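Asker: Could you have a look at this structure, given as structure tokens, before my questions?
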Amino acid sequence: EAGVAQSPRYKIIEKRQSVAFWCNPISGHATLYWYQQILGQGPKLLIQFQNNGVVDDSQLPKDRFSAERLKGVDSTLKIQPAKLEDSAVYLCASSLTTRDRGLDEQFFGPGTRLTVL
Amino acid sequence: RKEVEQDPGPFNVPEGATVAFNCTYSNSASQSFFWYRQDCRKEPKLLMSVYSSGNEDGRFTAQLNRASQYISLLIRDSKLSDSATYLCVVTGGSTLGRLYFGRGTQLTVWP
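Below, the structure written as structure tokens:
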């Protein structure tokens, strides 16, 4: 079974530029997550979708970050404009978790390593 | 206060050693607990869930103390391949499936 796919794997931009990341979850997974992992820290949830609806975006810096999951499958995360402190690995994860099914394992993609200069 | 606190280490142990990691969590309403493993420059992967009664998976034993809000992971007979960062993870908040990760404890097993 294919895992969570992410692209690009690496991105280097200058501050104030914009950048977008793409995620394709495991087929059939209703819930999709975007995390930010800064070097030396654990992943921090940015946004959680169930199908195409947002269920938690309390930690998303909405002045510069946006995310969407059109049609409830693929998702994109955008940063505009980027700051130096946005340098991190952006991880996408998916799971079968729903209210009906209950909590299920999250599977992570390989991440996109962003460097902001 | 952080949701999950872990000693970042690093822990450097010889092959065959027993090593233990601990973490504490702040939300007494947390219901589910996990240890994830993250290899260098890779994504996190679920190592094991942690149950109140304690659970074992081969050389790995996880314990949960709800009263103290404390989670532990014991690795016996360490292998070189156990070298990784171990992330303590708890659920919490009102959103089903939301995970809170500790910063991770780095383990290096040397020959």
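One line per chain: the protein sequences are Z and R, in this order.
Quick note, in the numbering used here, the first sequence goes up one by one and the last residue is 191.
Quick note, in the numbering used here, the second sequence goes up one by one and the last residue is 119.
Note that CB positions come from ideal geometry on N, CA and C, so glycine has one too.
These numbers come from a predicted model, not from an experiment.
Where are the beta strand (DSSP E) runs, 3 residues long or more, that stay fully inside the region 117 to 148 of chain Z, in chain order?
Answerer: Segments of the beta strand (DSSP E) lying fully in the region 117 to 148 of chain Z: 118 to 124, 127 to 130 and 139 to 142.
Asker: If you measure from the beta carbon of Z/Glu179 to each beta carbon in chain R, is any gap under 9 Å?
Answerer: Yes, its Cβ sits closer than 9 Å to a Cβ of chain R.
Asker: What would DSSP say about R/Asp65, mapped onto helix, strand or coil?
Answerer: Note: R/Asp65 maps to strand in three-state DSSP.
Asker: Using 8 Å as the cut-off, can you tell me whether the region 178 to 190 of chain Z makes contact with the region 132 to 149 of chain Z, which would need three or more C-beta pairs spanning the two stretches below that distance?
Answerer: With the cut-off at 8 Å, the region 178 to 190 of chain Z and the region 132 to 149 of chain Z do not touch.
Asker: For Z/Thr171, count neighbouring C-beta atoms within 10 Å of its own C-beta (all shown protein chains included) and say buried if the count is 16 or more, exposed if not.
Answerer: So Z/Thr171 counts as buried.
Asker: Z/Asp130 and R/Thr69 - do their beta-carbons sit closer together than 9 Å?
Answerer: Contact: no.
Asker: Got a sec, what are the start and stop residues for the beta strand (DSSP E) R/Asn30 sits in?
Answerer: Val27 to Tyr33 is the span of the beta strand (DSSP E), which, as asked, contains R/Asn30.
Asker: If we cut at 9 Å on Cβ distances, does R/Lys87 have a partner in chain Z?
Answerer: So, not an interface residue.
Asker: Measure how close the beta-carbons of Z/Leu165 and Z/Pro117 come, nearest whole angstrom, since I'm counting them as under 8 Å.
Answerer: The pair is a contact, with the Cβ atoms about 6 Å apart (cut-off 8 Å).
Asker: Would you say the region 22 to 41 of chain R touches the region 89 to 108 of chain R, given that touching needs at least three Cβ pairs under 8 Å?
Answerer: With a cut-off of 8 Å, the region 89 to 108 of chain R and the region 22 to 41 of chain R count as touching, because enough Cβ pairs lie within range.
Asker: Is any beta-carbon of chain Z found at less than 9 Å from that of R/Pro52?
Answerer: So yes, R/Pro52 belongs to the interface.
Asker: Output the residue ranges of the beta strand (DSSP E) runs that lie fully inside the region 79 to 118 of chain R and measure 3 residues or longer, sorted by chain position.
Answerer: Correct list: 92 to 99, 107 to 109 and 113 to 118.
Asker: Along the region 15 to 35 of chain R, where does the CB come closer than 8 Å to a CB of chain Z? Name the residues.
Answerer: If the cut-off is 8 Å between Cβ atoms, the region 15 to 35 of chain R has Pro16 near chain Z.
Asker: Output, in chain order, the set of chain Z residues within a Cβ distance shorter than 9 Å of R/Thr99.
Answerer: What R/Thr99 touches in chain Z: Leu177.
Asker: Beta carbons nearer than 9 Å to chain R: which residues of the region 116 to 128 of chain Z have them?
Answerer: Cβ contacts with chain R: Gly116, Pro117, Lys118, Leu119, Gln122 and Gln124.
Asker: Give me the Cα-Cα distance between R/Leu115 and R/Val27, rounded to the nearest whole angstrom.
Answerer: One C-alpha to the other measures close to 9 Å.
Asker: Hey, out of R/Gln39, R/Arg111 and R/Gln46, whose CA is closest to R/Leu55's CA?
Answerer: Residue R/Gln46 is the option with its Cα nearest to R/Leu55.
Asker: Taking only beta-carbon atoms, is R/Thr103 less than 9 Å away from chain Z?
Answerer: Yes, R/Thr103 counts as interfacial toward chain Z.
Asker: Could you check the C-alpha separation between R/Ala37 and Z/Arg143 for me, to the nearest Å?
Answerer: Their Cα atoms are separated by approximately 30 Å.
Asker: In terms of residues, what are the limits of the beta strand (DSSP E) holding Z/Thr105?
Answerer: Run containing Z/Thr105: Thr105 to Gln111, per the beta strand (DSSP E) assignment.
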